[in-house]
Amino acid sequence: MSRIVFDIETVGKDFETLEEPVQEYMLRWAGSEDEKKEVMESLSFYPLTGEIVTIGMFDPDKSKGVVYFRNNSDPVLPFEEDGIRYETGTEAEIIRKFWDVIKNYNQFITFNGRGFDCPFILIRSAVHSIKPLRDLMPNRYGDVHIDLFDQLTFYGASRRKFSLDMWCRTFNIKSPKADGITGCEVRELYRSDRHIDIAKYCAGDIRATAELLSIWESYIKAPSRGRS
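First residue of the sequence shown? That's 1 in the working numbering, and the numbers climb one at a time after it.
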C-alpha cells in the first residue's frame with residue numbers, strides 16, 4: 001500500500017487588514033487586552049483568518065519527501081537536501097501541488113490532521129476554487145487516514161492529549177523543535193522572510209511523524225485479526 005505523511009504550516013492574516021465586521025466578530029468575547037492579544041495571535045488556527053505557507057509530504061517507505069513553501073523575498077530555485085525536495089509557489093500553487101501528489105497514494109498519515117490540517121487544506125482549496133482530488137476526511141476508524149493524534153489517545157479515551165514534541169521526546173525521536181523553532185514562531189519567521197527556515201521546520205515535522213508512525217505500528221497498533 002502506498003502511503004504519504006503530510007503536515008502544513010500556517011500564518012494568520014494581519015488583524016488590521018481584516019474587514020471591520022470580521023474584527024468585531026473575532027473580538028466579541030475578548031474583554032481584556034490580554035484576551036484581545038490572544039485572539040490576534042490565534043488567527044493562524046482558522047482557514048478563514050489564516051493561510052497556508054508550507055506543505056510538507058514524506059513517503060515513509062522510500063524516505064523521500066517534498067516541501068512546498070511560499071516565498072515572498074528573492075526567488076529560490078528548487079533544491080534538495082537530505083532526501084527532501086524544496087519548491088516554492090503561491091498558496092494556490094502549493095495547494096494544487098499537494099493535490100497532485102496525494103491523489104496517487106492509498107493511505108495518508110498525519111498528527112492531528114483530522115482536527116487541523118485536513119479541514120484547513122479543504123477550506124483554503126475552496127477559497128482558490130480548487131477541487132479536492134481525494135477525500136481527506138474519510139471514516140475516522142478506517143485505515144485510509146491514520147491520524148496519530150487519534151491513535152495515540154485511543155480516539156479520545158486517554159485523559160490527557162500530548163503534542164508531537166512530547167511524543168517525540170518520549171520515544172527518543174528528534175523533535176522538529178530541537179533546532180530552536182516552534183510553531184508559535186512561524187508567523188514572525190514568515191514576516192522576517194525566513195521562508196526556508198519554516199520549510200525546514202516543516203520537513204522536521206513530517207520526518208518526526210513518519211518515525212512516530214513506525215513506533216505506533218511496531219509496538220502499539222493492535223494486530224490484525226484474520227478471518228475465522
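From the three backbone atoms N, C-alpha and C, an ideal C-beta is built for every residue, glycine too.
DSSP places residue 89 in the coil class of the three-state scheme, outside both helix and strand.
Rounded to whole angstroms, residue 84 and residue 65 show a C-alpha spacing of 5 Å.
Around the beta carbon of residue 125, 16 or more other beta carbons lie within 10 angstroms, which makes this residue buried. Counting other Cβ atoms within 10 Å of its Cβ, residue 71 reaches 16 or more and is therefore classed as buried. Assignment of residue 111 by DSSP, reduced to helix, strand and coil, places it in the coil class. When DSSP states are grouped into helix, strand and coil, residue 161 belongs to the coil group.
In the displayed model, residue 128 falls within coil according to three-state DSSP, outside both helix and strand.
In the DSSP assignment, residue 67 forms a beta bridge with 56 and 86. Per DSSP, residue 49 lies in no beta strand (DSSP E) and is assigned neither H nor E. With respect to the C-alpha of residue 53, the residue from 191, 100, 159 and 214 having the closest C-alpha is 191.
Taking residue 44 as reference, the option from 61, 170, 14 and 23 with the minimal CA-CA separation is 14. Bridge pairing for residue 79: 86 [DSSP].
Taking 8 Å as the upper bound for CB-CB distance, residue 216 and residue 164 are not in contact here, some 12 Å apart. Distance from the CA atom of residue 204 to the CA atom of residue 7, rounded to whole angstroms, is 10 Å.
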